[in-house]
Each structure stands twice: as C-alpha cells, then as structure tokens.
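S.K.: Dropping a structure here in structure tokens format, bear with me for questions.
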Amino acid sequence: MYDLIIVGGGPAGLTSAIYSLRAKKKVLLIEKMIPGGQVAITSNIENYPGFDSISGMDLSTKMFMQANKHGLETVFSEVIEYDIKSNIKKVKTNDGVFEAKAIILSLGASARQLDVKDENKYIGHGVSYCATCDGNFFKNKNVAIVGGGNTSIEDCLYLYDIAKEIYLIHRRDSFRSEKTTLEKVKTLANAPNPKIHILTNSVVKELKGNNNLDSIVVENKITKQTSELKIDGVFVAIGRKPDTELLRDVIELDENGYIITDENMSTNIKGVYAAGDVRKKSLRQIVTACSDGAIASFSVNSYLATLS
Ligand code: NAP
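Here it is as structure tokens:
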C-alpha cells in the first residue's frame with residue numbers, strides 16, 4: 001500500500017513526486033512510456049526559468065533523476081482501469097493492481113489528429129505528430145507543418161536545418177504562438193529564396209500517395225482554391241486532447257474531457273487530485289504543470305494527515 005500513486009510522469013507528476021518524497025511519503029509513479037511526457041519530445045525550451053535553453057529530454061531526465069534520488073518507485077505500464085471512488089484507490093495496469101491512500105492524475109494529453117481521409121494509413125509513412133522524434137527521417141525532403149500554436153512554430157525552427165522546403169499551414173491568419181518565436185519564423189519566411197512558406201487561412205483536404213505520402217491538397221478557406229503540394233512528410237501540430245477516456249464515468253470532466261479541479265487540485269472525489277495539462281486550466285506550460293504538481297502534493301499531504 002502506497003501513500004500516493006501518481007499516474008503520468010511529465011513535469012506535473014515528477015514535481016508531485018519530488019515534493020511528496022521530500023515529505024517522506026511512499027510514492028509510486030506509473031508511466032506508460034518515458035518520463036517527461038510531452039516535454040521529452042520538445043526540442044528546445046527557452047521559457048523554463050533557470051535555463052536559457054535546454055532540450056526537453058534533458059529537462060525531463062533531470063526531473064526524473066531528482067525524483068529517483070529521493071527514492072521514487074516507478075512502474076512502466078499502461079493503466080487499464082481506475083477504481084478510485086472509495087478510500088483505497090486501486091489502479092489496474094497491464095502489470096498488476098496497485099493501491100494507495102491518495103492519487104494524483106497527471107496524465108497529460110496526446111496529439112489531436114487532422115481527421116483527413118487516410119491519415120492513419122500514412123502514420124509512420126509520412127504523417128507524424130512529433131517533429132523532434134521523426135524529423136530526421138525527412139532530411140532534404142519537403143515537409144508541411146499544420147497548426148498555429150507554439151508546437152507548430154517550434155517545429156518549423158527545429159526542421160529548418162533538416163528539411164528542404166517547409167510549408168507552415170494554419171487555418172487562420174493570426175497565430176496563437178508566443179510572439180518571439182513566431183517572429184523568428186516570419187523573418188526566415190521573408191528572407192530571399194525562403195525555405196519556409198507560410199500558408200494562412202489554409203487547411204489540408206487530402207493526403208495522397210501509395211505506400212508513402214507523396215503530396216497533400218491544401219485549400220485556401222477564403223478563395224476556396226486548392227493546390228497540390230509535393231510533400232514527403234506532414235507534421236500535425238494542432239494541439240492535444242486529454243488522456244481521460246478511462247475516467248469518463250469515474251470523475252468530473254469538462255465538455256472537452258479535461259479534469260475539473262479546484263485551486264488545490266482536488267477533484268470531485270476525495271483523495272483524488274489532478275495536475276498539469278490534463279486539468280481544466282487556462283495556461284498549459286511546463287512551469288504551470290510544475291506548479292500544479294507542487295500544489296497537488298501539498299493537498300495530498302493535508303488529506304493524508306486527516307486519515308491518521
Ligand atoms: P495549441 O496551442 O492548442 O495550438 C493548436 C493549433 O492548431 C492552433 O493554432 C489551432 O488553430 C490549430 N488547430 C486546432 N485544431 C485544428 C484542426 N482540426 N485543423 C487545423 N488546425 C487546427 O497546441 P500546441 O501548439 O500543441 O500547444 C499545446 C500547449 O502546449 C499550449 O498551451 C502551448 O503553449 C504549450 N507549448 C508550450 C511550449 C513552450 O512553452 N516552449 C512548446 C510547445 C507547446 P486556432 O489557432 O485557429 O485555434
């Protein structure tokens with residue numbers, strides 16, 4: 001029996017782990033892939049205080065090592081069922097059932113799909129949701145990046161030294177990304193013989209090819225004109241959706257599937273807390289995920305004190 005089970009080893013979960021372990025709690029982290037979550041696949045981070053610039057993999061490794069130093073136990077497995085309404089919280093995974101007095105859900109979010117015909121067919125054959133993971137497969141090739149948020153803009157910069165031509169395709173004419181990074185991309189796109197081409201008010205209508213992607217059809221939403229671009233790879237960076245499918249009938253979620261908490265990270269179930277991107281909130285950043293994680297850990301400590 002653990003004091004606390006943390007599900008999800010991104011910055012929120014790892015911060016909770018560090019705080020709870022330092023409070024001498026017995027903590028288990030359950031992570032389905034690699035520690036760091038979305039951060040681990042972010043190429044370069046320039047807005048996490050204390051680091052002018054650090055790769056996502058380095059930052060998440062540092063967080064994981066710090067938690068390990070304090071005695072973190074980790075199980076790398078996928079959760080298949082939650083039984084968390086009663087006092088003993090049970091988490092069923094592919095590798096067994098684990099029990100704790102409290103639980104923090106820091107499940108993060110996973111990539112949203114374009115919802116274009118044959119998208120699934122081309123995954124791994126031209127369609128990717130992670131430029132830092134798959135970018136190197138497209139050396140000197142033509143790529144498109146879809147989206148207008150921070151991920152799409154950072155992907156542009158990451159792929160700049162790898163790809164031949166880059167088409168940034170965004171459905172509106174204004175971007176929601178951070179302005180400093182956007183300016184860097186716009187400067188490159190406005191240079192003579194640019195390698196980056198920005199297509200605004202545009203959407204991907206079709207993916208074409210045989211075994212591998214060969215081209216995409218893009219529609220300008222205003223003129224309704226379509227054009228076919230010779231493209232080897234499409235990086236879809238259109239946001240993420242929370243990984244809360246298993247919690248749908250268990251816990252209170254908002255209309256988009258995000259977990260609803262109060263400012264103490266408490267959910268509607270006693271002893272169950274949520275932290276990070278999986279939570280309904282206005283700003284999803286590494287620093288806000290860490291903040292959530294610290295608060296959730298503090299709330300767990302207060303809750304555990306009421307049990308003894
Ligand atoms: P995001 O901020 O939600 O942006 C998604 C983009 O995709 C938006 O521009 C959106 O268009 C567009 N979009 C959504 N659905 C679409 C569809 N079906 N077809 C075409 N376009 C679509 O997602 P993100 O860039 O992945 O970022 C996720 C979160 O992580 C954000 O909070 C972001 O700030 C954070 N992040 C931070 C960093 C960093 O701090 N260094 C790096 C990466 C990500 P509209 O603008 O029209 O809605």
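Residue numbering for the sequence shown follows my numbering, beginning at 1 and increasing consecutively. The beta-carbon is built from N, C-alpha and C at its ideal position, and this holds for glycine as well.
Using beta-carbon positions only, say whether Gly135 and Arg176 come within less than 8 Å of one another.
M.R.: no
S.K.: Just verifying my parser: in three-state terms, what is the DSSP assignment at Ala23?
M.R.: coil
S.K.: Is DSSP giving Ile295 helix, strand or coil here?
M.R.: Three-state result, Ile295: helix.
S.K.: According to DSSP, Ala102 sits in a beta bridge with which residue or residues?
M.R.: Residue pairing by DSSP places Ala102 opposite Leu4 in a beta bridge.
S.K.: Leaving aside the five residues before and after Ser297 along the sequence, list all residues of the same chain whose C-beta is less than 6 Å from its C-beta, in chain order.
M.R.: Ser16, Tyr19 and Ser20
S.K.: Can you say whether Ala131 is buried or exposed, counting buried as having 16 or more other CB atoms within 10 angstroms of its CB?
M.R.: buried
S.K.: Relative to the C-alpha of Ser227, which candidate in Lys205, Phe137 and Phe98 has its C-alpha closest?
M.R.: Lys205
S.K.: Could you tell me if the beta carbon of Val203 falls within a distance shorter than 7 Å of some heavy atom in the ligand NAP?
M.R.: The answer is yes for Val203.
S.K.: On the DSSP bridge assignment, give the partners of His197 in chain order.
M.R.: Tyr167
S.K.: Any idea which residues DSSP pairs Leu253 with across the strands?
M.R.: Ile259
S.K.: How big is the Cα-Cα spacing for Ser202 and Thr223?
M.R.: 10 Å
S.K.: Within 7 Å: the Cβ of Ala237 and any heavy atom of the ligand NAP?
M.R.: Taking 7 Å as the cut-off, the C-beta of Ala237 counts as close to a heavy atom of the ligand NAP.
S.K.: Is Gln38 buried or exposed, if buried means 16 or more other CB atoms sit within 10 Å of its CB?
M.R.: With 16 or more other CB atoms across the displayed protein chains lying within 10 angstroms of its CB, Gln38 is buried.
S.K.: Would you mind stating whether Ile318 and Asp155 have Cβ atoms separated by less than 8 Å?
M.R.: Missing from the structure shown is residue 318; the chain here goes from 1 to 308 and no further.
S.K.: Determine whether the beta carbon atoms of Ser152 and Ala237 lie at a separation below 8 Å.
M.R.: yes
S.K.: Using a Cβ-Cβ cutoff of less than 6 Å, which residues in the same chain neighbour Val272 once the five nearest sequence positions on both sides are dropped?
M.R.: Only Ile84 and Ile103 meet the Cβ criterion.
S.K.: Residues in the same chain with beta-carbon distance under 8 Å from Asn211, minus the five sequence neighbours each way, listed in chain order, please.
M.R.: His125
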